[in-house]
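Enquirer: In my numbering, the protein residues as written are 37 to 632.
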């Protein structure tokens, strides 16, 4: 089914090299004590070369393969900003007006040989078949004007107002620039309660904050007009065809409207610290690519979606239980929970397929990502086996499961919540720290479970009694109109049972609970702080040595792979699906730190 991991490690080597330059230049001139003017220009440039090597006898490339990908990216931002500051008694005022031009350019060239003449020579000149060449180039420009007004009163009451208008070339069509402009404002306020009134001594800081904001967003180039794209050459001759996505000439910018409320509290001289935020955001006119039947001549069409509402809570709690001269203990909890629901859809059916994950382009081995009005983002659908009204598997007269080809809800890949806990202990010159991550809930469809289960390679399949296995379920001893359910007692061979139970054409039995508890990082260190001020340790210099481990262990209901593994389909990671993933690595090392 796939290559031996050691063969991949030794023979099928991938490599990449990247040159990157980034930075900016800023010039500021104070016109007077109130006004200042700034100019800024920044650039982010990268050029990357990737090489892919596949040795002879590889699973998909019996005669080897070699490919080179050259990827270029450059973004230039040019800004101007006029600032005004004024202090009027208890009031402070700051106003800024500015503009930005963002020019973005990208290009990619892929040259590949899908068969090699001689083994072990990974050069394009060693191609045994005509070279295939694909190239892509894109440009995007966004012009912007924006304004910011900040008002403060006596160091405890603040009000910020912003407005920004963007003009994006990605929303233009060859004949119109009507939808390229979009404006989005925001208003935020904060109230430092501890600076306004006298609070109990146990509370040494208290702040409340409230904001309302709109954010606009454009899209990538070539979404509003179709273009010809290079395809697989035929007999060494280049070929082109219309792009596989139906563009939309009436595409509108996305718009997210959100309201946020939060508080920042400190108690007992900062021994207890609480930062909590609740948000409610609705996104309309989402720009999405929807799968469509290939009989149309295309695979996707670009549309503006309906409305999605995201509500969530984020809490950061810091506690210092012990703090003295020799010993200090700090602990921090990070909690987050988000629920995204579908308020409306662009179609009238009430159900929409956003994407799918498919094996070998087989429609029977597909996980569908669908949304329904009132449902949650992240719901996955697939097929399984027939169940009765009580949720029991229905078994046929031969002791086998009965296939149900209707789509059923497999689960939602989003977690119920995520909780992180970090601890740091210091005793004199010793320090110890660790970070735990807990993800609760969520579903993961595993193709490793399906393939290895069918092949009998998992511990779940170690039970193989000679008498066979009795599938857990019920048999209808009545009629279809008046069913009478009795427990199944018919045994079938173990191989037959496992091949049907884990069949990858039906995903229901190949779903894991994606919850986990991970030790992300562990560190034990010692800092050398000699009393002497001579030699290296003069002027407060210190030396720290630490043992560091990352990704050391995980507690999970998934015994065969990292619960964070995701499938890769094309150039995308697919949330909620794991597809024959390889083992992730843990790292152990020594860290040396010098403080000058």
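Note that the Cβ used here is the ideal one computed from N, Cα and C, for glycine as well.
What are the complete beta strand (DSSP E) segments, minimum 3 residues, inside the stretch 459-518?
Expert: Entirely contained in the stretch 459-518, the beta strand (DSSP E) runs reaching 3 residues are, in chain order, 466-476, 479-482, 510-512.
Enquirer: Within the continuous alpha helix (DSSP H) that includes residue 46, where are the two ends?
Expert: Element bounds for residue 46: 41-46.
Enquirer: Does the distance from the CB of residue 141 to the CB of residue 175 come in under 8 Å?
Expert: Yes. Within cutoff.
Enquirer: Rounded to whole angstroms, how far is the Cβ of residue 449 from the Cβ of residue 416, which I believe are closer than 8 Å?
Expert: Indeed, because the Cβ distance is near 6 Å, the residues count as touching under 8 Å.
Enquirer: Opposite residue 534 in the DSSP bridges: which residues?
Expert: In DSSP, residue 534 forms no bridge with anything.
Enquirer: Relative to the C-alpha of residue 328, which residue among 338, 288, 319 is closest?
Expert: Residue 338 is the option with its Cα nearest to residue 328.
Enquirer: As an exercise, report each continuous alpha helix (DSSP H) stretch of at least 4 residues that is fully enclosed by the stretch 200-234, in chain order.
Expert: If we require 4 residues or more, the alpha helix (DSSP H) runs fully inside the stretch 200-234 come out as 229-232.
Enquirer: Does residue 576 come out as helix, strand or coil in the three-state DSSP assignment?
Expert: The answer is helix: DSSP assigns residue 576 an H, G or I state.
Enquirer: In the DSSP assignment, find the beta strand (DSSP E) that holds residue 447 and state where it starts and stops.
Expert: Counting along the chain, the beta strand (DSSP E) containing residue 447 begins and ends at 439-448.
Enquirer: Using 8 Å as the threshold, is the stretch 374-388 in touch with the stretch 399-411, meaning 3 or more CB pairs across them?
Expert: As far as the Cβ criterion goes, the stretch 374-388 touches the stretch 399-411, which means the pair count is three or higher.
Enquirer: Beta-carbon within less than 8 Å of residue 240's beta-carbon, same chain only, minus the 5 sequence neighbours each way: which residues are those?
Expert: Hits under 8 Å: 230, 302, 303, 304, 305, 306.
Enquirer: Is the beta carbon of residue 547 closer than 8 Å to that of residue 446?
Expert: Contact flag set, yes.
Enquirer: Just to confirm my understanding: we take residue 185, look at its own chain, exclude 5 residues before and 5 after, and list those with CB closer than 6 Å. What are they?
Expert: 131, 197.
Enquirer: Can we say the stretch 386-393 touches the stretch 595-613, given the rule of at least three CB pairs closer than 8 Å?
Expert: Judged by Cβ distances under 8 Å, the stretch 386-393 makes contact with the stretch 595-613, as three or more pairs qualify.
Enquirer: Which residue's Cα is closest to the Cα of residue 245: 282, 207, 297?
Expert: Out of 282, 207, 297, 297 has the C-alpha closest to the C-alpha of residue 245.
Enquirer: Note the first and the last residue of the continuous beta strand (DSSP E) segment covering residue 598.
Expert: No beta strand (DSSP E) holds residue 598; DSSP gives it neither H nor E.
Enquirer: Consult DSSP for residue 543 and reduce its assignment to one of helix, strand or coil.
Expert: Note: residue 543 maps to helix in three-state DSSP.
Enquirer: For residue 617, which residues from the same chain have a beta carbon less than 6 Å from its beta carbon, with the 5 sequence-adjacent residues on both sides left out?
Expert: Counting only Cβ-Cβ distances below 6 Å, and skipping sequence neighbours, we find 597, 601.
Enquirer: Would you mind working out which of 265, 247, 507 sits nearest residue 223, comparing C-alpha positions?
Expert: Taking only the C-alpha atoms, the option nearest residue 223 is 247.
Enquirer: Here's the rule I'm using: 16 or more other beta-carbon atoms within 10 Å means buried, otherwise exposed. How should residue 554 be labelled?
Expert: Counting Cβ neighbours within 10 Å, residue 554 comes out buried, since at least 16 surround it.
Enquirer: How many whole angstroms separate the CB atoms of residue 81 and residue 52, which I take to be in contact at a CB cut-off of 8 Å?
Expert: Not confirmed; about 17 Å, so no contact.
Enquirer: What three-state label does DSSP hand residue 165 in the structure shown?
Expert: DSSP places residue 165 in coil when its eight states are reduced to three.
Enquirer: For residue 584, which of helix, strand or coil comes out of DSSP?
Expert: Strand, per DSSP.
Enquirer: Roughly how many whole angstroms lie between the Cα atoms of residue 529 and residue 514?
Expert: Distance between the alpha carbons of residue 529 and residue 514: 26 Å.
Enquirer: With distances taken between CB atoms, is the gap from residue 180 to residue 119 smaller than 8 Å?
Expert: Taking 8 Å as the Cβ cut-off, residue 180 and residue 119 do not qualify as a contacting pair.
Enquirer: What distance in whole Å lies between the Cβ atoms of residue 149 and residue 165, which are believed to be in contact at a cut-off of 8 Å?
Expert: That pair is a contact at about 6 Å.
Enquirer: Among the residues of its own chain, which have a CB less than 6 Å from the CB of residue 560, if the five just before and after it don't count?
Expert: Closer than 6 Å at the Cβ level, and outside the excluded window around residue 560, lie 468, 583.
Enquirer: Helix, strand or coil for residue 330, going by three-state DSSP, please let me know.
Expert: DSSP places residue 330 in helix when its eight states are reduced to three.
Enquirer: Count the other CB atoms within 10 Å of the CB of residue 290; is the residue buried (16 or more) or exposed (fewer)?
Expert: Buried, since its Cβ has 16 or more Cβ neighbours within 10 Å.
Enquirer: Can you give me the start and stop residues for the beta strand (DSSP E) that residue 239 sits inside?
Expert: From DSSP, the beta strand (DSSP E) with residue 239 extends over 239-253.
Enquirer: Spatial neighbours of residue 624 within its chain, please: C-beta separation below 6 Å, excluding the five flanking residues on both sides.
Expert: Excluding positions up to five away in sequence, the list reads 585.
Enquirer: Quick one: Cα of residue 292 to Cα of residue 520, how far?
Expert: Each residue's Cα considered, the two are about 53 Å apart.
Enquirer: Quick check: the Cα distance between residue 183 and residue 74, rounded to an integer number of angstroms?
Expert: Answer to the nearest angstrom: the Cα atoms are 14 Å apart.
Enquirer: Give the single residue among 281, 71, 517, 105 whose Cα lies nearest to the Cα of residue 117.
Expert: With distances taken between Cα atoms, residue 117 lies closest to 71.
Enquirer: How far does the beta strand (DSSP E) with residue 373 in it extend, from its first residue to its last?
Expert: Run containing residue 373: 363-380, per the beta strand (DSSP E) assignment.
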